[in-house]
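Protein chains in written order, with my numbering: chain A, 1 to 428; chain B, 1 to 428; chain C, 1 to 428; chain D, 1 to 428. Yeah, the Cβ is synthetic: ideal placement off N, Cα and C, and Gly gets one too. Computed from a prediction, not measured in an experiment: that's the story for all the values here. The block underneath contains the structure these notes are about, expressed in structure tokens.
Number of protein chains: 4
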Amino acid sequence: MVSDLNFEVSSLGKGAIPSPLKGSSFAKVGERVAFPSSLSELKEYFEAGKPVPSFERAGPGENIYFDPSKLKCGIVTCGGLCPGLNSVIRAIVLCLHHSYGVRRVYGFPFGYEGLTYRYGHEPVELTTAFVDRIHQQGGTILGSSRGNQDIGEMVDTLEQMNIGILFTIGGDGTLRGASAISDEIERRRLKIAVVGIPKTIDNDISYIQRSFGFATAVSEAGRAINSAYIEAKGARNGIGLVKLMGRESGFIAAYAALAYSDVNFCLIPEVSFTLEGFLNALHERLKKRGHAVIVAAEGAGQDVLGKTGERDPSGNIRFQDVGIFLRDQIHSYFKQTGTEITLKYIDPSYTIRSIPADANDSAFCLLLGQNAVHAGMAGRTNMVVGFWANEFTHVPIPMAVSKRKKLDPEGWVWNSVISITGQPKEMG
Amino acid sequence: MVSDLNFEVSSLGKGAIPSPLKGSSFAKVGERVAFPSSLSELKEYFEAGKPVPSFERAGPGENIYFDPSKLKCGIVTCGGLCPGLNSVIRAIVLCLHHSYGVRRVYGFPFGYEGLTYRYGHEPVELTTAFVDRIHQQGGTILGSSRGNQDIGEMVDTLEQMNIGILFTIGGDGTLRGASAISDEIERRRLKIAVVGIPKTIDNDISYIQRSFGFATAVSEAGRAINSAYIEAKGARNGIGLVKLMGRESGFIAAYAALAYSDVNFCLIPEVSFTLEGFLNALHERLKKRGHAVIVAAEGAGQDVLGKTGERDPSGNIRFQDVGIFLRDQIHSYFKQTGTEITLKYIDPSYTIRSIPADANDSAFCLLLGQNAVHAGMAGRTNMVVGFWANEFTHVPIPMAVSKRKKLDPEGWVWNSVISITGQPKEMG
Amino acid sequence: MVSDLNFEVSSLGKGAIPSPLKGSSFAKVGERVAFPSSLSELKEYFEAGKPVPSFERAGPGENIYFDPSKLKCGIVTCGGLCPGLNSVIRAIVLCLHHSYGVRRVYGFPFGYEGLTYRYGHEPVELTTAFVDRIHQQGGTILGSSRGNQDIGEMVDTLEQMNIGILFTIGGDGTLRGASAISDEIERRRLKIAVVGIPKTIDNDISYIQRSFGFATAVSEAGRAINSAYIEAKGARNGIGLVKLMGRESGFIAAYAALAYSDVNFCLIPEVSFTLEGFLNALHERLKKRGHAVIVAAEGAGQDVLGKTGERDPSGNIRFQDVGIFLRDQIHSYFKQTGTEITLKYIDPSYTIRSIPADANDSAFCLLLGQNAVHAGMAGRTNMVVGFWANEFTHVPIPMAVSKRKKLDPEGWVWNSVISITGQPKEMG
Amino acid sequence: MVSDLNFEVSSLGKGAIPSPLKGSSFAKVGERVAFPSSLSELKEYFEAGKPVPSFERAGPGENIYFDPSKLKCGIVTCGGLCPGLNSVIRAIVLCLHHSYGVRRVYGFPFGYEGLTYRYGHEPVELTTAFVDRIHQQGGTILGSSRGNQDIGEMVDTLEQMNIGILFTIGGDGTLRGASAISDEIERRRLKIAVVGIPKTIDNDISYIQRSFGFATAVSEAGRAINSAYIEAKGARNGIGLVKLMGRESGFIAAYAALAYSDVNFCLIPEVSFTLEGFLNALHERLKKRGHAVIVAAEGAGQDVLGKTGERDPSGNIRFQDVGIFLRDQIHSYFKQTGTEITLKYIDPSYTIRSIPADANDSAFCLLLGQNAVHAGMAGRTNMVVGFWANEFTHVPIPMAVSKRKKLDPEGWVWNSVISITGQPKEMG
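Structure follows, in structure tokens:
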């Protein structure tokens, strides 16, 4: 139980410049948030005399590392769309401008492509006027792309443009890229901070309890689920099938099942099932209730499907499409059993990921962006802003990408899903 | 120009019972709404001494045909879902109950299936309590099915249950069925009225200017179009492709293009194009603007696709899927030209058709339902409730199904679409 | 019945310049839309040999009056906010630019104030980039103000700036102002067209069947009504009272009652009631059902309230606030009768009028704006764009402001309201 | 720093009956969640050898106290409406039924009134069918009332009806009532558990990091703020003033300011200001930017207003209305300074509190309800379900009501509000 997790964040050096933030309640030096919250776990550490794993708490410090009047910053958004990207961009620009007086902020277009020279993308100057109302719009004003680019070339760009802090907004792959950029910066002994804001609509980055856009996505998923329910109820033996995001973790599907109580089967990557087990359970449900609503996370049932062997430009393994697969399997199963069904398959992914952040995600994005700026100004690097036990934290990128956060099939979330859907705990 | 359109509606007989509606401003006997609104057209009729085609105006009459205390009514919903179905059901039940004192109203489950005995569906008693809040929910509380059933068997059911008025809520196919039922009733010399409420999310029933659910559908289509736009803008050479309803008429696609000005190409059944013409125009747009949003009605480009030769259970010809087709063609075209694109294809059909009616459709459904009841109580039969020149009207079913309403490629709607999308008037 | 209504629109002169609109299906010269749609009324005219009142149909003509390359246009928005103002502004700018090649369009800030020199408001250049996404935002990008300004001074401004077409978006008062401006222009023998787009959230301008923003307002009113219903149901003897717009006509309140069937009392200016009659009916309802929802149009019950004698800057008579009045009267009545009630009063006016146009209003605004441009380019003046029998029309301003459009207490809308609310037809 | 907070929860006795929950991962006996998360604070406790304050973790246990086949439960909702009330009721009923097999659940109508006999309210049987779709509706299906009732009489009712667990959903006042009921139960040596679900739209109950409905309220507040912004921008010297909930704590106003970046002044109870200071700052803002948006929490500026001396039926001190007060003060200030302004005042409170829970609150309500059932079944009493460090917890009611949770004027939330609004840190 007692592990040696180390959440020490890298730093370019000690901040020697007094912060221009007036009247701000500065974070105390060395303030840390404990990683375990369980009393017994904490006791174990203390009794064993071992250091309790903990995060540096985020927030403005009394001193800063960069001179705002000389500082130039860059922002890049990578990977798939996620509600709140523009809110984060805006928060970074506004905080740099209003709190620190940094006047030169550039956006690199279309993800890491924008940091190379081969695509010819021009950096965009991000003024406060430019970002004024972008948060009301989904997507990213900077554009995005998948996949990494040549690390050396990207650091060349930062060097040539004299960028002091690079803010990268992206997921797992982007963070690995950011870490590689940071390593190259260190190798070249440059003074460039790389600060990540974790973007994962699936909420599956480790050591971070909440990620922006997730709540908005769960909310929007409700439209598709409601359609599936209405369609299922509107036909004899009606089945509504919804595919939701969640390549490796089923948080969106699980929370959507909790939020919209019309889901009868929730399939997630963390919980295996056999096709036979699932189809039999579905058949039982139809016999009893005449309709069924199924929600399947993108990565559910991978052992049932078999891999395609392909990878997308971000390097993620390309899965066979679980929605199409289930749709076809359900059709042929009921054809065999001689039961007429009506199945409607809904894939709302693009509609979900392209909406703007809702109010709560919007406030959360603002705080994430501000804390990223505070961290960067303080010279922290190779880190992402996290959220733990209700506090914003600093997490070293290598820790954040060391493994995926998964939904615990024995934990309270999944237990509640089983309880509210009424689906069998085992389908296999 | 001067045509002999005849909109005379059938009647079971003269109403002899005084209406129980208190203080109501009854429709004047013989009140009619002119079909042409053009002054010059009207002149032609009058100058030629020819009868001006006109509709009987809907509304409560001073006398009614059925004795409310003995009357039993039935309601059936058929075909695909459409926003407002439950609002219409509710309006019929409430108006029968509160305005006329009719206490026995039955819903036949799952479309015309419910009027036969072979499926074993039990009629549902529709009380005012039962329908109280159903309008807040999409779909149809009665369930639906596609396709017709044995006409004789359905009339048997009506006869055995002693139904006086059958309200059928459905589209073209349903109305043909209703008309056949009405003919069989006449053949058997029964006194059963068949009153249709036209359901066409595509707004494509002739001689009816507005149909319920259409406006709600256009509105909801905006979500998909906005997603397509955000996705297209978020990627280098981003293309957003949205398939919307509209098998034979492009009203939804056209009005969505007018309502959401982010559409760059609107493809509808009424306007032909060649694949080459369209792809070249798309390429031009990408070169100039870097992104494009395409909206294609379900029935667009049929001459380009080729028919599948199949028919669905309602007897509609099954088209090849234009969305999938265009997606694949666009991909291969740009592969050939060596242009990297990012295409996102969105098919929001089920999500659109399963939402509840918006406020204005909701009010419209109420008025449709009330006018259907007034018509039925007056003994009108083999008719649908229409809307023309801002008035509710009676339309004989044979006229309503005689041809499809189409969008006029030379009319003001399509002209405005061309103007706001900026797409070439000819792509062929 | 046979009236001499004359809807002849003024014109600056015959258009001599061929329209640059390519491939457009031009409106036929002299195409007109009949004012009556009733067959018997039409017959009366023809049989009496009298001209049938009719509107000029809107749309692009083959020839235009102004030379687009030299033309400068102005836009002004006046009076209270209304959903769709920005959509209309945008439609005008885009149509002038894309369809006619007019490059110089100016917005006058803060209503007619912006046309005078005394406030020092600078005209804003309205480019296509500037108006690109303004339709997604409520209110008016130009700002507004109430009341008229010195007519001479306003025409001075137009003359000095060399404006060829002035588009005024506003209600009754604004149209009177526009007409006065037009008269002064004529007196000075200037060649300036004044084209109005009728803005009335209340939908109360005569000879125009639909006005933009009205449908959106009815829709948004539903939130307040639903709150009132939920609050009323949540308390013993709960009463929810909602005040809606409608100074002289009760269309919003009536349609909201039709759309949201939770309204039990709908009070509008067109239908008188006595306080005693209303309070007794309310008491009856509480006894029977334990809760009640009341919707009152702003101008309801004026004979009960008594005038304040004041006028607002637009010259409208200031009414006593019917919402506050009813709230207080209901409280004191039930205090007297010894019945404990819980009353929640909601006034959602600002929230309703400041939202953006919904999809259907948005499309409607686009078409209004385009038709206003076509009319202006053709040299039409002292007119507003109307909508009649499903066609866009030209209406002379003097006709449009000659009287208010009112809801007919004997017509089908109010009959349906009585039927769905269950309120007594007479409360007095 | 080292305090002796004691979060030990009362219990009716040891659970001796094996839980019927199949395959559930039961909470470990004695599992606790640490109250402090700061590493340094934790160290202090351990180094001082003092017990770390901690909460019992919520969740199903291996044994239960009540025999489900004999158990009868009651639910009551008290105080003002809050989004999610019906979701909590539904979660309790479904969990009791499906997880434990408890078949008899009763709702007491209209708050604590329903537990007395003097109002004649009949308890409502809450079946799974009855609660099926209530979560889609705002308010409370049970009705509510303010204020306490005679404790003895309420315990009489519980005793006579043989209720085993009473679930009370309410705020501070309700919890005090629940605690008094619990004390009386103990005095009578009855075996009745009293389990609270904390309802506070203001999120101001101590020792609980999140309360249901709060996030939905912040979200809905955005409509009013956006209206205020649009109205303010639409007029010369436009001011939009919005009053939000927050009698003693400004969380809603503060988070709304973070979520909707159009707020320029955020006034909350925790931060004092003088009228002069505020009005001067407002004047400065108008001079610079021409418009301003103000959000005031209900309890803001109490030292400026002066108390009314009255109390509402729940015993809360009645404040003078800060919204009306500020509106009037702003008007008279600018009249004196000779500046024409346009002020729009919006009070959206009823509209906010009566909407249904959004998706995330809905899921949260489900989990709260389930955990309340688990706690009750285990015999816990005089407690509320809490949420701390991402875990559901048990909190003794006396601790929860011992003081209000307040927004820390030196903490990161308020710092971010100051930063994003641009308002002066001190206005006094």
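Contained alpha helix (DSSP H) runs [length at least 4] in the stretch 171–221 of chain A, N- to C-terminal order: 172–187
Residues within the stretch 205–232 of chain A neighbouring chain B, beta-carbon criterion of under 8 Å: Arg223, Ala224, Asn226, Ser227, Ala228, Ile230 and Glu231
Using 8 Å as the threshold, is the C-beta distance between Gly222(A) and Pro356(A) below it? Counting from one through the first sequence, the residue named residue 222(A) turns up at place 222. Counting from one through the first sequence, the residue named residue 356(A) turns up at place 356. Taking 8 Å as the Cβ cut-off, Gly222(A) and Pro356(A) do not qualify as a contacting pair.
Residues that Ala235(A) contacts on chain B, provided the C-beta gap is smaller than 8 Å: Working through the first sequence from its first residue, we reach residue 235(A) at position 235. Phe110, Gly143, Ser144 and Ser145, listed in chain order.
So, at 7 Å on beta carbons, what are the nonlocal neighbours of Asp202(C) in its own chain, with the 5 sequence-adjacent residues on each side left out? Residue mapping note: residue 202(C) aligns to position 202 of the third sequence, counting from 1. Excluding sequence neighbours, Asp202(C) sits near Met245, Gly246, Arg247, Ser249, Phe251 and Ile252.
Verify the CB distance criterion: does Tyr350(B) have a CB-CB separation below 8 Å to chain A? The residue given as residue 350(B) occupies position 350 in the second sequence. Chain A contact via Cβ: present.
State yes or no: is the beta carbon of Cys73(B) nearer than 8 Å to at least one beta carbon in chain C? Numbered from 1 along the second sequence, position 73 holds the residue referred to as residue 73(B). Not one chain C Cβ lies under 8 Å of Cys73(B).
Taking a contact to mean a Cβ-Cβ separation below 8 Å, would you say Ile205(C) touches Lys72(C) in this structure? Here residue 205(C) refers to the residue found at position 205 when the third sequence is read from its first residue. Here residue 72(C) refers to the residue found at position 72 when the third sequence is read from its first residue. Result no, Cβ atoms of Ile205(C) and Lys72(C) do not sit closer than 8 Å.
Please say whether Leu343(D) and Arg327(D) have beta carbons closer to each other than 8 Å? Your numbering for residue 327(D) matches position 327 in the fourth sequence. Your numbering for residue 343(D) matches position 343 in the fourth sequence. Their beta carbons are under 8 Å apart, which means Arg327(D) touches Leu343(D) by this criterion.
Quick check on Ile341(A): does DSSP put it in helix, strand or coil? Numbered from 1 along the first sequence, position 341 holds the residue referred to as residue 341(A). Residue state, collapsed to three classes: coil.
Helix, strand or coil for Glu231(D) per DSSP? Your numbering for residue 231(D) matches position 231 in the fourth sequence. Residue state, collapsed to three classes: helix.
Assuming Pro396(C) is part of the alpha helix (DSSP H), what are its boundary residues? Locating residue 396(C) in the third sequence gives position 396, counting from the first residue. Pro396(C) -> not in any alpha helix (DSSP H); beta strand (DSSP E) instead, spanning Glu391 to Pro396.
Taking 8 Å as the threshold, find out whether the stretch 291–299 of chain C comes into contact with the stretch 9–28 of chain D through three or more Cβ pairs. no
Proximal chain D residues relative to Val322(A), where beta-carbon distance stays under 9 Å: For this step, residue 322(A) is matched to residue 322 along the first sequence. The contacting residues do not exist; Val322(A) stays about 23 Å from chain D at best.
Minimum C-alpha distance to Gln160(A) - residue among Thr274(A), Ile397(A), Ile192(A) and Glu298(A): Along the first sequence, one-based indexing puts residue 160(A) at 160. Nearest of Thr274(A), Ile397(A), Ile192(A) and Glu298(A) to Gln160(A), Cα basis: Ile192(A).
Taking Leu449(C) as part of the alpha helix (DSSP H), name the residues at either end of that continuous run. Since the first and last residues shown for chain C are 1 and 428, residue 449(C) lies out of range.
Compare the C-beta of Arg33(C) against all C-beta atoms of chain B and say whether one is closer than 8 Å. Looking up residue 33(C) in the third sequence gives position 33. A small fix is needed here, since residue 33(C) is Val in this sequence, not Arg. It does; some Cβ of chain B falls within 8 Å.
Taking Ile17(A) as the query, report the chain B residues whose CB atoms sit under 9 Å from its CB, ordered along the chain. Against the first sequence, residue 17(A) aligns to sequence position 17. Correct list: empty, because the minimum Cβ distance to chain B is about 37 Å.
Would you say Lys335(C) reaches chain D, if we count a Cβ-Cβ gap shorter than 8 Å as a contact? As a first step, residue 335(C) is located in the third sequence; it is residue number 335 there, counting from the start. By this cut-off, Lys335(C) is not an interface position.
State yes or no: is the beta carbon of Ser272(D) nearer than 8 Å to at least one beta carbon in chain A? Residue mapping note: residue 272(D) aligns to position 272 of the fourth sequence, counting from 1. For Ser272(D), the answer is no, since every Cβ of chain A falls outside 8 Å of its Cβ.
Measuring straight from C-alpha to C-alpha, what distance separates Leu279(C) and Ile330(C)? Here residue 279(C) is taken as the residue at index 279 of the third sequence, counted from 1. Here residue 330(C) is taken as the residue at index 330 of the third sequence, counted from 1. Cα to Cα, the separation comes out at about 7 Å.
Between which two residues does the beta strand (DSSP E) holding Ala34(A) run? Along the first sequence, read from residue 1 onward, the residue named residue 34(A) stands at position 34. Note, Ala34(A): beta strand (DSSP E), Arg32 to Ala34.
According to DSSP, Ala297(A) sits in a beta bridge with which residue or residues? As a working note, residue 297(A) is residue 297 in the first sequence. Paired residue(s): Leu244(A).
Residues near Leu407(A) by beta carbon distance below 7 Å, same chain, minus five either side: Stepping through the first sequence from its first residue, residue 407(A) is reached at position 407. Ser249, Gly250, Phe251, Ala254, Ile268, Glu270, Val413 and Trp414.
Chain A residues whose Cβ lies nearer than 8 Å to that of Pro140(B): Walking along the second sequence from the start, residue 140(B) turns up at place 140. Sequence inspection shows Thr at residue 140(B); the Pro mentioned does not correspond to that position. Per Cβ cutoff of 8 Å: Gly234.
Give the DSSP-derived three-state secondary structure of Ile141(C) in the structure shown. Translated into the one-based positions of the third sequence, residue 141(C) becomes position 141. It is coil, neither helix nor strand.
For Arg285(C), I'd like the list of residues in its chain whose CB is within less than 7 Å of its CB, leaving aside the five on either flank, ordered along the chain. Here the question's residue 285(C) lines up with position 285 in the third sequence. Closer than 7 Å at the Cβ level, and outside the excluded window around Arg285(C), lie Asn264 and Ala292.
Three-state class that DSSP yields for Asn162(B) in the structure shown: On the second sequence, position 162 is the one that residue 162(B) refers to. Three-state result, Asn162(B): coil.
Which runs of the beta strand (DSSP E), 3 residues or longer, sit entirely within the stretch 362–392 of chain D? 383–388
Start and end residues, alpha helix (DSSP H) containing Phe42(B): Working through the second sequence from its first residue, we reach residue 42(B) at position 42. According to the sequence displayed, residue 42(B) carries Leu and not Phe. First-last of the alpha helix (DSSP H) with Leu42(B): Leu39 to Ala48.
Give the residues of chain A in contact with Pro150(D), contact being defined as C-beta atoms less than 8 Å apart. Indexing the fourth sequence from 1 puts residue 150(D) at position 150. Looking at the sequence provided, one finds Asp at residue 150(D) rather than Pro. Residues of chain A passing the Cβ test: none, with the nearest at roughly 37 Å.
Looking at chain C, is there any beta carbon in it that lies within less than 8 Å of the beta carbon of Ser354(D)? Here residue 354(D) is taken as the residue at index 354 of the fourth sequence, counted from 1. Yes, because at least one Cβ of chain C sits closer than 8 Å to the Cβ of Ser354(D).
Quick check on Asn6(D): buried or exposed, where buried means 16 or more other Cβ atoms within 10 Å of its Cβ? Walking along the fourth sequence from the start, residue 6(D) turns up at place 6. Its Cβ having fewer than 16 others within 10 Å, Asn6(D) is exposed.
Kindly list, in the order they appear in chain A, the residues whose Cβ is closer than 7 Å to that of Val293(D). Taking the fourth sequence and counting its residues from 1, the one referred to as residue 293(D) is at position 293. Simply none; closest approach about 14 Å.
Please list the terminal residues of the continuous beta strand (DSSP E) segment that includes Ile75(D). One-based indexing of the fourth sequence puts residue 75(D) at position 75. Here the beta strand (DSSP E) through Ile75(D) covers Lys72 to Thr77.
Is it the case that the Cβ atoms of Glu31(C) and Arg57(C) are separated by a distance below 8 Å? In the third sequence, counting from the first residue as 1, residue 31(C) sits at position 31. In the third sequence, counting from the first residue as 1, residue 57(C) sits at position 57. It is a contact, given that the beta carbons lie within the stated cut-off.
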